[in-house]
Amino acid sequence: MRTITSLKGTSFSILLLAALIIVFLPFLVSSYYVGLAIQVFIFTIFAMSLDILVGHTGLPSMGHAAYFGVAAYATGFLCLAGIKNFWVGVILGMGSGGLTAALFGLLAIRAHGPYFMLITLALSQVLWGIAFKWRSLTKGDDGLPGIGRPEIGMGIDLKPDLYFYYFTFAIFLIVLVALFVLLNSPFGYTLRGIRESESRMKALGYNVGLYKYLAFVFAGVFAGTSGVLWVYYCGFVNPSNLGVDQSVKGLLMLILGGSGSFFGPGIGAGIIVLLENIVSGLTERWSLILGIIYVIVIMFFSEGLSSIVKRGH
Amino acid sequence: MKALDVQALSKDFGGLRAIRDISLEIEAGERRAIIGPNGAGKTTFFHLISGFLFPSSGRIHLFGRDVTHLQAHQRAALGMSRTFQVTNLFPKLTLFENILLGVQAINGARFCFYRRVNSFREIIYETERLLKEWSLWGKKDALLKNLSYGEQRQIEVIMALATKPRLLLLDEPTAGLSPAETALVTSIIKSLPREITTILIEHDMDVAFEIAERVTVLHFGSVLADGPLEQIKGNSKVAEVYLG
Amino acid sequence: MAFWIIQTLNGLSFSMLLFLIAAGFTLIFGLMKIINIAHGSFYLLSAYIGLTILRTTDSFLLAVVTSSVAAFVVGVAMQSLFLRRFYMKELQQVLLTFGFVLIIADLCLWVWGGNPMALPKPSLFRGSIWIGNVVFPSYRLLVILVGVIIAVGLWIFQEKTKFGAIVRAGVDDEEMLRGSGINIQRVFAGVFGLGALLAGIGGIIGGPIVGVFPGADLSMLLLALVVVIIGGIGSLKGAFVGSLFVGLVDNFGKALFPELSMFTLFAPMAIVLAIRPTGIFGKMEE
Chain A
1 MRTITSLKGT SFSILLLAAL IIVFLPFLVS SYYVGLAIQV FIFTIFAMSL
51 DILVGHTGLP SMGHAAYFGV AAYATGFLCL AGIKNFWVGV ILGMGSGGLT
101 AALFGLLAIR AHGPYFMLIT LALSQVLWGI AFKWRSLTKG DDGLPGIGRP
151 EIGMGIDLKP DLYFYYFTFA IFLIVLVALF VLLNSPFGYT LRGIRESESR
201 MKALGYNVGL YKYLAFVFAG VFAGTSGVLW VYYCGFVNPS NLGVDQSVKG
251 LLMLILGGSG SFFGPGIGAG IIVLLENIVS GLTERWSLIL GIIYVIVIMF
301 FSEGLSSIVK RGH
Chain B
1001 MKALDVQALS KDFGGLRAIR DISLEIEAGE RRAIIGPNGA GKTTFFHLIS
1051 GFLFPSSGRI HLFGRDVTHL QAHQRAALGM SRTFQVTNLF PKLTLFENIL
1101 LGVQAINGAR FCFYRRVNSF REIIYETERL LKEWSLWGKK DALLKNLSYG
1151 EQRQIEVIMA LATKPRLLLL DEPTAGLSPA ETALVTSIIK SLPREITTIL
1201 IEHDMDVAFE IAERVTVLHF GSVLADGPLE QIKGNSKVAE VYLG
Chain C
2001 MAFWIIQTLN GLSFSMLLFL IAAGFTLIFG LMKIINIAHG SFYLLSAYIG
2051 LTILRTTDSF LLAVVTSSVA AFVVGVAMQS LFLRRFYMKE LQQVLLTFGF
2101 VLIIADLCLW VWGGNPMALP KPSLFRGSIW IGNVVFPSYR LLVILVGVII
2151 AVGLWIFQEK TKFGAIVRAG VDDEEMLRGS GINIQRVFAG VFGLGALLAG
2201 IGGIIGGPIV GVFPGADLSM LLLALVVVII GGIGSLKGAF VGSLFVGLVD
2251 NFGKALFPEL SMFTLFAPMA IVLAIRPTGI FGKMEE
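This is the structure in structure tokens:
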């Protein structure tokens, strides 16, 4: 449960080993697994952004995919309009994710526990519905294909997966450092205090409502970042990127990997990405199998999240 | 200078009038005990003072400032601090992190999101100092929920002191403590500096009478008696209310 | 003029469908604090089962009974075998219901395929009726009638029966219910089953109007969410009023500007959330 505040001793050598494996991965495994690794980076960011709310602030946000999807669409539109510069795209993505979170936060932040979950779910589902119906803009369920890799200048071409892999890893490291600082900052500690006892924090003088709102916006910005990377990776965006399945997947990553810890979300992301890809490669009924697996996982492995949903204050 | 000035304070819950027309004044530096039988409204009164409940009518002034419509955290920022009847700390954080949050509360750094908290030396040092002052340094890495009930009640008080309050509200600080622990907490409260005005809700008469200079007795949500300690001790109405 | 009458009646018949789904959803949430993401799945499953029954036996009545009972059974099973283990752990319960969404949706896809299908109407109601100077399908009028009857029936159940009183008490104050000695798990299973039953009725009755297709589960769920947020959590009255509102707005939205019809729902929902987060008739702790 403790955020890692220093990287000494054994944990450092494990990290070093992991970094080495990541760097040499493309030479060790086939390109299929390189693609999976890219997905793991992206969804680790997504899961960590969700954990800011769920694990660190105690806000069980059910509509997290909204910020991911909005950023993906925004960057997708940008790309299809001809602007392929990565930095423009990612600023737009982060901004649109953060803006959506800012709007949703205003409407959701006064609710607690199950009501908060209901509202966040409804808001993101409405966005899904908008994307679904507004065919002239989003092509609805068919989605928007043909979104290419971004351009980062310096003569580097990101179209081959190999280069995109290292690029994503670099962005991933930057985000990881940013999240590390955020979660270990006074702001991060305040969030965890709020998770443990809102009333205690208020009695100490913290403006709890404001902090929860800011946490929401930060989570939206980071989720947006992962949405941008996703759309650049797979070149395609559709309404399901905004929908409940994406949001729930994020929560499952937190259950499996451990919520409230630094590396937990990443472990969960890795498990879910591998699981989904392996199962969908094995059978046409992958959705059924995944549903069954999810039910089993919740039934037997979900102790960690029981304290997150609180009724009232 | 009055630390707390309450005028005609009332609180209704639907049809139930829990607090009726309470007026009282507490001077800066005073030690006041609030006593009364169960259900007299003592904790409700604290909630109204500290902003966890809003009154149906009446006014509250904190060091001359009208705080009647201010939220709890805003009153805390003006120098009010409180403990809770049921221990209200951060169970899954370490003792160090618990106190740190108290220390951080009055530091402008608390909004900083781009530097690790370790880099704010003054916050870290102050947390260390508090833990060492209260002889709890050895347990700094223990999760709060793993500490004993008595230790937690003690930390509840320390937490309230970490924000360097001018007015301290203690809600039954010795509830559930052993005689030895009670004596410890009582001596802590007695040794508090005079800059901290202290209001104490207590069920344990011995503790209340040992600490207080003035006593306010609540009964059915209103003030039954209010005066210096000796006067209240000798008040027959008060004795009646307690002994039936 | 004719346009408005027809669209209003269309909207009303859709409102009744929404009510059937939203009523169960709001009771389940109000009493157990569970967000049943699988609520739309009851609708879906019931519609598909009804389709098969109709194709094989041509008896609408049999289809209604079978589908609704099937939905009821699945609902009770879901609650008593799975959800009940996570009493008071709302996050796990919600995630569980999502697992069931995937399972039910894929099973339906496997058995009935991915093409949208329309259920045939009962033979008695295949025609149209004159209302003033417009012609309107008699089936949709039947739906409105059935919806109103069920709404009244639910109201009687809630206000006049002992079980209804227990549910009302539980929605207001669950702790009190737990302390009263009533077997709360049976109440929960019953309410969950009732909700599933209502959604199932909605599925079979709605089939001839809306059709059935993969994704109908989530579409109906979305509308139920909007109804419950606007109308209020835990309130049947709220579900009814909310359904009227959403059904009419959605229908007119689709008729007038189909691509942006979702915004016509989003705006009122956002307004309600901003002004009164618990919904118009909501009964929740603030």
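Sequence lines, in order, name chains A, B and C. Read in our numbering, the first sequence has 291 at position 291, and its numbers run on one by one without any break. One gets our numbering by counting positions in the second sequence from 1 and adding 1000 to each. One gets our numbering by counting positions in the third sequence from 1 and adding 2000 to each. Glycine included, every Cβ here is placed at the ideal spot set by N, Cα and C. Fair warning: this is a prediction, and the values are worked out from it, not measured in the lab.
Query: Run through DSSP, which three-state label would C/Pro2137 get?; Result: strand
Query: According to the neighbour-count rule (16 or more other Cβ atoms, all chains shown, within 10 Å of its Cβ), is A/His313 buried or exposed?; Result: Confidence in A/His313 is poor, its pLDDT being 33 and thus under 50, which makes the residue's placement unreliable; the coordinate value appears in the next sentence. It counts as exposed.
Query: Against chain A, which members of the segment 2108 to 2138 of chain C pass a CB distance test of less than 9 Å?; Result: Leu2109, Trp2110
Query: Any Cβ of chain C within less than 8 Å of the Cβ of A/Tyr294?; Result: yes
Query: Consult DSSP for B/Met1001 and reduce its assignment to one of helix, strand or coil.; Result: coil
Query: Can you tell me the Cα-Cα spacing of C/Gly2113 and A/Leu173, whole angstroms?; Result: 44 Å
Query: From C/Gly2153 to C/Lys2237, what distance separates their C-alpha atoms?; Result: 13 Å
Query: Quick one: grab the DSSP three-state call for B/Ser1010.; Result: strand
Query: Which residue wins for smallest C-alpha separation from B/Ala1105, given the options A/Trp128, A/Pro186, A/Leu137, A/Leu121?; Result: A/Pro186
Query: Taking the alpha-carbon positions, what's the C/Ser2261 to C/Gly2206 distance?; Result: 20 Å
Query: Any beta carbon from chain A within less than 8 Å of B/Arg1246's own beta carbon?; Result: Because chain B spans 1001 through 1244 in this model, residue 1246 of chain B falls outside it and cannot be assessed.
Query: Taking any Cβ of chain C, which residues in the segment 102 to 121 of chain A have a Cβ under 8 Å from it, in chain order?; Result: Leu106, Leu107, Ala108, Arg110, Ala111, Gly113, Pro114, Tyr115, Met117, Leu118, Ile119, Leu121
Query: To the nearest angstrom, how far is it from the Cα of A/Leu53 to the Cα of A/Gly188?; Result: 11 Å
Query: Residue ranges of each alpha helix (DSSP H) run of no fewer than 4 residues wholly in the segment 1161 to 1211 of chain B, ordered along the chain?; Result: 1179 to 1190, 1205 to 1211
Query: Spatial neighbours of C/Met2032 within its chain, please: CB distance less than 6 Å, with the 5 preceding and 5 following residues excluded, ordered by chain position.; Result: Phe2188
Query: May I ask you to list the residues that DSSP assigns as paired with A/Asp51?; Result: Its beta-bridge partners do not exist; DSSP assigns none.
Query: Taking 8 Å as the threshold (beta carbon to beta carbon), is B/Ser1222 in contact with chain A?; Result: no
Query: In chain order, what residues of the segment 1082 to 1098 of chain B put their CB closer than 9 Å to some CB of chain A?; Result: Arg1082, Thr1083, Phe1084, Asn1088, Leu1089, Phe1090, Pro1091, Lys1092, Leu1093, Thr1094, Glu1097, Asn1098
Query: So, helix, strand or coil for B/Glu1025, using DSSP?; Result: strand
Query: Along chain C, which residues have their Cβ under 7 Å away from the Cβ of A/Pro265?; Result: Simply none; closest approach about 15 Å.
Query: Which of the residues in the segment 2206 to 2234 of chain C, read from start to end, lie with their CB under 9 Å from any CB of chain A?; Result: Gly2215, Leu2218, Ser2219, Leu2221, Leu2222, Leu2223, Leu2225, Val2226, Val2228, Ile2229, Ile2233
Query: Taking 7 Å as the limit between beta carbons, can you name the residues of its chain near A/Glu196, skipping five residues before and five after?; Result: none
Query: How about A/Gly250 and A/Met94: are their beta carbons less than 8 Å apart?; Result: no
Query: Let me see if you follow: with CB-CB separation under 8 Å, is B/Arg1116 close to chain A or not?; Result: yes
Query: Buried or exposed, going by whether 16 or more other CB atoms sit within 10 Å of the CB of A/Phe164?; Result: buried
Query: Run through DSSP, which three-state label would A/Met299 get?; Result: helix
Query: At a Cβ cut of 9 Å, what residues of the segment 2074 to 2094 of chain C count as close to chain A, listed as they run along the chain?; Result: Phe2082, Arg2085, Phe2086, Met2088, Lys2089, Glu2090, Leu2091, Gln2092, Gln2093, Val2094
Query: Quick one: which unbroken beta strand (DSSP E) runs of 3-plus residues sit fully inside the segment 2222 to 2259 of chain C? Chain order, please.; Result: none
Query: Suppose you measure from the CA of A/Ile130 to the CA of C/Phe2263; what does that come to, to the nearest Å?; Result: 7 Å
Query: Classify B/His1073 as helix, strand or coil using the three-state DSSP reduction.; Result: helix
Query: Please name the residues in the segment 1185 to 1196 of chain B whose beta-carbon is closer than 8 Å to at least one beta-carbon of chain A, in chain order.; Result: none
Query: DSSP state of A/Trp87, grouped into three classes?; Result: helix
Query: So, does the CB of B/Gly1244 fall closer than 8 Å to a CB anywhere in chain A?; Result: Since pLDDT at B/Gly1244 reaches only 48, below the 50 mark, its modelled position is unreliable, and the value read off the structure follows with that caveat. No, because no Cβ of chain A sits closer than 8 Å to the Cβ of B/Gly1244.
Query: On the three-state DSSP scale, how would you describe B/Leu1053?; Result: coil
Query: Can you name the residues of chain B whose CB is closer than 7 Å to the CB of A/Glu276?; Result: Near A/Glu276 there are no residues of chain B at all, since even the closest Cβ is about 31 Å away, more than 7 Å.
Query: Using a Cβ cut-off of 7 Å, pull out every chain A residue sitting near C/Ala2270, in sequence order please.; Result: Leu107
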